[in-house]
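Protein chains in written order, with the numbering used here: chain G, 1 to 288; chain H, 289 to 576; chain U, 577 to 864; chain F, 865 to 1152.
Number of protein chains: 4
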Amino acid sequence: MTNKKVRLHDQRFNQGEPLSPWREKLNGIIFGSESTAGKWFDITLIIVILLSVIAVMLDSVASISEQYGTILRILEWGFTLLFTVEYILRLICVRKPWIYARSFYGIIDLISFLPLYLSFFFAGAQYMLVIRILRVLRIFRILKLVEYVGETNVLIGALLNSRRKIFVFLYSVLAIVTVFGSLLFLIEGEAAGFSSIPKSVYWAIVTLTTVGYGDITPITPLGQFLAATIMILGYAIIAVPTGIYSAELVRSFQTPLSNVACKNCGTSGHQIDAHYCRECGTQIDEEA
Amino acid sequence: MTNKKVRLHDQRFNQGEPLSPWREKLNGIIFGSESTAGKWFDITLIIVILLSVIAVMLDSVASISEQYGTILRILEWGFTLLFTVEYILRLICVRKPWIYARSFYGIIDLISFLPLYLSFFFAGAQYMLVIRILRVLRIFRILKLVEYVGETNVLIGALLNSRRKIFVFLYSVLAIVTVFGSLLFLIEGEAAGFSSIPKSVYWAIVTLTTVGYGDITPITPLGQFLAATIMILGYAIIAVPTGIYSAELVRSFQTPLSNVACKNCGTSGHQIDAHYCRECGTQIDEEA
Amino acid sequence: MTNKKVRLHDQRFNQGEPLSPWREKLNGIIFGSESTAGKWFDITLIIVILLSVIAVMLDSVASISEQYGTILRILEWGFTLLFTVEYILRLICVRKPWIYARSFYGIIDLISFLPLYLSFFFAGAQYMLVIRILRVLRIFRILKLVEYVGETNVLIGALLNSRRKIFVFLYSVLAIVTVFGSLLFLIEGEAAGFSSIPKSVYWAIVTLTTVGYGDITPITPLGQFLAATIMILGYAIIAVPTGIYSAELVRSFQTPLSNVACKNCGTSGHQIDAHYCRECGTQIDEEA
Amino acid sequence: MTNKKVRLHDQRFNQGEPLSPWREKLNGIIFGSESTAGKWFDITLIIVILLSVIAVMLDSVASISEQYGTILRILEWGFTLLFTVEYILRLICVRKPWIYARSFYGIIDLISFLPLYLSFFFAGAQYMLVIRILRVLRIFRILKLVEYVGETNVLIGALLNSRRKIFVFLYSVLAIVTVFGSLLFLIEGEAAGFSSIPKSVYWAIVTLTTVGYGDITPITPLGQFLAATIMILGYAIIAVPTGIYSAELVRSFQTPLSNVACKNCGTSGHQIDAHYCRECGTQIDEEA
C-alpha cells in the first residue's frame, strides 16, 4: 500500500541537490502545494483546465461551433500557449527534467497541449485535448491531501491485491464471449446482424455485461435460448468481481489482533497497540 | 451516526419556551405523532399527499385529462388550498417559524403547493407538484418510528463514512467517460450518432453504467472494440461502489468496542471484555 | 429462522388425531416424502407438472399450435383432470381440509387447474396454467431435503432481517423515479415519447435499473444530462441492496466465539463448543 | 478445495510405471512445464492457438475472407494438421491414453481440430474451431503456476460452497420469469412482439437481467407497470448471488482453523493457536 502512495504521487524527479534560489521558488509554486502561492497556482490551474476542457467540448457541437467558433478557437490557442509555457517552466525548475518528462504527470502534461499543434497535420487531433481532464487528478493534492490520498490508496490497494483473481475472471469472460459469439454466428447468421465472428463476440460482450443495445438481437428460438443463457450467466457472474473486491475491502478494514500472549495469565487476542494485558493488567509489550 | 439522527429528524425549530395552550395543542397534532390526534393527522396527511400525487400524474395523461380534466383540476386546487392552510398553520404553531421555513421539510412543504400558483405564470409548473411525494418521507415517523429511523441511520451512516471513497470513484468514472467519449467521437463521427463530444460522453455514460439504450451505437470495428472495452470496464468497476458499501456495512454490523474510558489515562476504545486499560494497566471495569 | 422453516413447509393442516387407515396411507403418499411410495409420487408429480407447463407454452406458439393444436389440447385436458383428481384426493386425505385449502400450496394447487375451466368463460385464461411451475417448489422436499431447506432458510432469513432496510431503499427509489420522471416529462415532452408523467416514471425506472430498452430516450441536451445523472445514480445505488444483503449474510455466516473465560488461566475467546481451555487444558464448561 | 486442485489440473493419466526413455522425454516436453523445453513448448502452443483463433475469426468477416480467403484457408489447414499431430503425440507419450482422451483437456484438444474435418460434411462446422480458446486455459500452468492456480481454486471453491444457494436462486429466477412472461403474453399480445409464451419468457429474462435490448417492449399501461415491477425485482435480487458469493469469499479469507487432530480423541478444527484439545484437554501441539 505504502508502495502505491509513492508511485502515484511520485516526486522522485524533484529529489536531489538544491537549485538556484529562483528555480527553487518556482519549483515550490508549480510542484508544491504547501505554500499559499503553490495552493493558488494549483487552484487556478484546475479551473483553467476545466474551462479548457469545456471549450473543447463546446467546439465539437456543430451549432455552437458555427456561432462562437472564432472565440472558441482563440480561447483554445490561449489555453494551449498557457499550458506550453507551464510545461516549459516545469522542465526548467524541476531537478531531473528527463525523469519528470517520462513520469505519469509529465506525459499527461505534454499530451494536454500537443494535439492542437498536431491538428495542423491531422484533422480532428485537437479533440484529444480533453485528455487534459486527467490533469485534474492533481486536485487530490489540494483537497485535504492526506485523507483523499489515503482513501485512494485503500481502493487501489484492494484492487492490486485482487489483480490476479480479476485477471482469471477477465480471461473466463473472454473465453465465454468467444465461444457464445461463435455459436450465435453459426445459428443466427447474416440476417439478424451476426455478420462475422468478431461482430458476434461484440454482441456477446454487449449481452453478458447487461448493456443490451439492441442493435443486434437474436431472432431464432435457439439463438434466443442461448442469449437467455448468456444473460443469466452475466447476471450471476457479476457476483464474482463484486465478491472479490468486497471480500478484499472487508479484509483491509479489519484491524487484526496481536498474537502476543500475556506472560502472567496467558491471555492472547489483544489489540495491536495494547501495552497492558486486558485480563490482569500485566505489561505485555517490551520496553522498546 | 447520532449526529445524522438529529439532522434528519431535526426538531430544533420546536425547542424553546412553551406556547399558548391552543398553539401548543395544534403543535402536538401537526408536528407530533405520539398522541392519537397527531397519529391520525399524520395518516390522513400521507393519504391526501398520495392522492394528490396520483391526481397530478393522471392529469398529465392526455386521454384522461380530456375526459376528467375539470374534476382533476378542481381536486388539484382543493389539495393545494389544503396544503397552503396546513403550511400557514405550521408557521403559526411552531416555536421558531423562520428556522422551520428553512429546514428540509419546511422547504418541501412550501414546494408542495407553490407550483400551482406559479402555473399562472409558467405553463407546466403545476407538474412539479409531484415533489409532494418527498413529504411522505414523514411516513417513517409513524411506522414504528424508532426502528425505521435506526435502519435509515445505519444506511446513511455507512454512506457518509464512505463518501470520500465514493467521490474518488465518481471522479474516476467522469474521467473515463470523458476520454472514451472523445475517442469515440473521433472514430465514429456524425453518421453513427456521435455528433459532438458532449453527446459522445452521454453515450459513454449510457454504456459504462450498462444502461445501453441503443439510440447511439458504434458501427466501425475500432469503435465497437473500444465500446467493448468500456462495457467490460463498467461491468467490472460496479464492484467498486458495491465493495465499498458492503465493507462499510459489514464493519458497522460488527461488535463495537467498549465506550468505557480509563479513569487513569483517559484511553477509550477498549475491547468489550477488557478488565484492564491497554495503555496503563489500570483496572477499568467495576468489581460487579 | 426456525419460524420461516415452519411457515414455508407448514404441515399444520396435517396435525391432529389419526385418520382411518386408508386415508392415513394416502396421506403418507401424497403429503409425505419419506416412504418409497411418497418419493415416487413426488418425482412423478414434478415431471407431470413440468410436462404440462411445457405443453401450455408450446400451445401459445402459433406455428406449433396450428400443427399440433388438437394433441396439445387433449394433453392439457388430461393434465388438468389429473390435477383436479389430485386436489380432491388431497382434500379427502388431509386432516384439516379447510386449513390446507387456504395454505400457500393449497392455493397454488387450486390455481394449477382452475384456469382451464375458467377458459370457457374468459378467453386466454388457460395460459395462466403456467403458474403450475410454482408447484415445483415442492422439489426442495425431495432433493436432499434438509440441506436445501437449510440453504433456502439462510437466504430468506437474511432477506427478512434486512426487510426494513430494503423497504427504506425501495421507497427512496420510488421517490427518485417520480421526481426525475416528472422533470423529464416537463423538459422532453411528447415528441421524445415522454407523453405523460406515468410513462416518464416508467422511463425513469427503465433507466435507473440500467435496463435501458431505448423505446423512450431523451433528445434535448438538458434531458440527456438529467438522464446521465439518474444512470450514474442507478449505477451507484445498486451498491445499497447488495451491501445490505452481503453484510447480512456475512453476519449469518460468522460463528461467534464463546465469552467463557478459563478459570485457571483466564483465557477467553474459546470456540462455542469447547469443553477444555485451549491454553492450559483446564475444563471450562460446567458438567451440565 | 484441495479436491478441486486435483480435479482441474488432473494428471492422473500420467501416473504409473515409467515409460521408455524417448516417450518419457516427449512426455516431459508436452505435458510438463518445469523443464526449459516444456516451457517453450507451452508458450509456442499458446501463441499458435491464439493465432489460429484469430485466423478463424478473420475468415468469418466477409470483406477479409474475399481478399485473403486462400491464405487464411491454407493457414487454417496448417494449424489443424499441427494440432492433429500434437494430439497423436499426446496419445503416444501419455501413460494412460484412454483416461487422457476422456479428461477435460483431452476432449478440448480433440475438438480443437476435429471441426475442420467435419466441415467437409457440415457447412459452417469450421467456425467451431474457436473452441480452441479454451485450450489457452493451460496458460495458468506457466504464468507463475502455483499462485494463479491458488487464486482460481479460491474462486471456484467459493462457487462450489455456494452451489446449493445459487441453485435455489436460479430456480426462483426461472419461476419469476415464467410467471411474468405468461402475464405479459396475456396482457400485451401479438402487436407488441409478445407473440408466444416462450418469447415472452425470453423478454422477461432480458428485462430481469437488466440487459434490455428493446426489441420487445410493453406498450399498454398495465404491461409497463408489470415490466417496472420485474425491473425493480431484477435490480434488487442481483443482491442475492452477489451477497452469497461475497459472504462465501469473506469466510474463505478469514483465518482458517488448524488441521491438527487430537491424538487422544481425534477432534480436529481447533483454533490455530490452541495448545490443548477443546474436547478432552489433551495437549495437541508439539513442545517446539
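Glycine included, every Cβ here is placed at the ideal spot set by N, Cα and C.
Bear in mind the structure is a predicted one, so any value in this text is a computation, not a measurement.
_Relative to the C-alpha of M633 of chain U, which candidate in F:S1046, F:L974, F:L1090, F:L890 has its C-alpha closest?_
F:S1046
*Alpha carbon to alpha carbon, how far is I683 of chain U from A227 of chain G?*
34 Å
_Inter-residue Cα distance where the pair is L379 of chain H and L443 of chain H_ = 32 Å
*Mind the definition here: the segment 107 to 116 of chain G touches the segment 456 to 473 of chain H only if three or more C-beta pairs lie below 8 Å; say whether that holds.*
The segment 107 to 116 of chain G is not in contact with the segment 456 to 473 of chain H.
_With H, G and I counted as helix, E and B as strand and the rest as coil, what does DSSP make of Q15 of chain G?_
Reduced to three states, the DSSP call for Q15 of chain G is coil.
*Mind checking who Q643 of chain U pairs with in its DSSP beta bridge?*
The partner list for Q643 of chain U (beta bridge, DSSP) is empty, contrary to what the question assumes.
_Residues near T207 of chain G in its chain [Cβ-Cβ closer than 7 Å; skip 5 each side]_ = A227, I230, M231, G234
*Please determine, among H:L462, H:L377, H:Y388, H:R361, the residue with the shortest C-alpha to C-alpha distance to S407 of chain H.*
H:R361
*Measure from the C-beta of A823 of chain U to each C-beta in chain H and report whether the shortest distance is under 9 Å.*
yes
*Is the Cβ of V499 of chain H closer than 9 Å to any Cβ of chain F?*
Closer than 9 Å to some Cβ of chain F, the Cβ of V499 of chain H qualifies, so yes.
*asked:* Taking the straight line between their C-alpha atoms, what separation do you get for S246 of chain G and L174 of chain G?
replied: Between S246 of chain G and L174 of chain G, the C-alpha separation is close to 23 Å.
*Three-pair Cβ contact test at 8 Å for the segment 626 to 645 of chain U versus the segment 594 to 612 of chain U*: no
*Limits of the alpha helix (DSSP H) - the one that S52 of chain G falls within*: 36 to 59
*Report yes or no: is there a C-beta of chain G within less than 9 Å of the C-beta of V826 of chain U?*
So, interface residue.
_Cross-chain neighbours of A804 of chain U in chain H, by beta carbon under 7 Å_ = Y490, I493
*Run the CB neighbour count on Y789 of chain U, radius 10 Å, all protein chains shown included, and call it buried at 16 or more, exposed below.*
buried
*Tell me where the alpha helix (DSSP H) around Q512 of chain H begins and ends.*
From DSSP, the alpha helix (DSSP H) with Q512 of chain H extends over 509 to 525.
*Assign Y624 of chain H to one of three DSSP states: helix, strand, or coil.*
With chain H covering 289 to 576 only, the question about residue 624 of chain H has no answer from this structure.
*Outcome for L945 of chain F when other beta-carbon atoms lying within 10 angstroms are tallied against a minimum of 16*: Within 10 angstroms of the beta-carbon of L945 of chain F lie fewer than 16 other beta-carbons, which makes it exposed.
*asked:* So with CB distances below 8 Å, who are the chain F contacts of L731 of chain U?
replied: K1029, V1032, F1033, V1104, I1108
_Element boundaries [alpha helix (DSSP H), containing L980 of chain F]_ = Per DSSP, the continuous alpha helix (DSSP H) segment holding L980 of chain F begins and ends at 978 to 982.
*Name the chain F residues whose beta carbon is nearer than 9 Å to that of Y68 of chain G?*
Those within 9 Å of Y68 of chain G in chain F number zero; the least Cβ separation is about 36 Å.
*Could you check which residue in H:Q303, H:P486, H:G511, H:Y564 has the C-alpha nearest to that of Y388 of chain H?*
H:Q303
*asked:* Whole angstroms are fine: how far does the CA of F180 of chain G sit from the CA of E950 of chain F?
replied: 26 Å
*Give a yes or no on whether the C-beta atoms belonging to L980 of chain F and I244 of chain G are separated by under 9 Å.*
no
*Have a look at G:F13, G:C93, G:I216, G:A158 and flag the residue whose alpha-carbon is nearest the alpha-carbon of R102 of chain G.*
G:F13
*Quick one: does D618 of chain U have its CB under 9 Å from some CB of chain F?*
Chain F, which has no Cβ nearer than 9 Å to the Cβ of D618 of chain U, makes this no.
*Output the boundary residues of the alpha helix (DSSP H) element that contains Y754 of chain U.*
Checking the sequence shown, residue 754 of chain U turns out to be Thr, not Tyr. Unbroken alpha helix (DSSP H) run through T754 of chain U: 739 to 764.
*In chain order, what residues of the same chain lie with their CB nearer than 8 Å to the CB of G320 of chain H, ignoring the 5 residues before and after it?*
G326
_Would G1045 of chain F pass as an interface residue toward chain U - the criterion being a Cβ-Cβ separation below 9 Å?_
yes
_Closer than 9 Å to chain F by CB, M704 of chain U_ = Chain F contact via Cβ: present.
*So A989 of chain F and S196 of chain G are in contact, right, with Cβ under 8 Å, and what is the actual spacing, rounded?*
Contact flag wrong, Cβ pair sits at about 17 Å.
_Looking only at its chain, what residues have a beta carbon closer than 7 Å to the beta carbon of Y415 of chain H, apart from the 5 residues adjacent to it on each side?_
The residues V344, S348, in chain order, have a CB closer than 7 Å to that of Y415 of chain H in the same chain once the five nearest residues on each side in sequence are set aside.
*Taking only beta-carbon atoms, is G1078 of chain F less than 9 Å away from chain H?*
yes
*Span separating the alpha-carbon of A530 of chain H from that of T210 of chain G*: The sequence as given places Thr at residue 530 of chain H; Ala does not occur at that position. A straight line joining the alpha-carbon of T530 of chain H with that of T210 of chain G spans about 17 Å.
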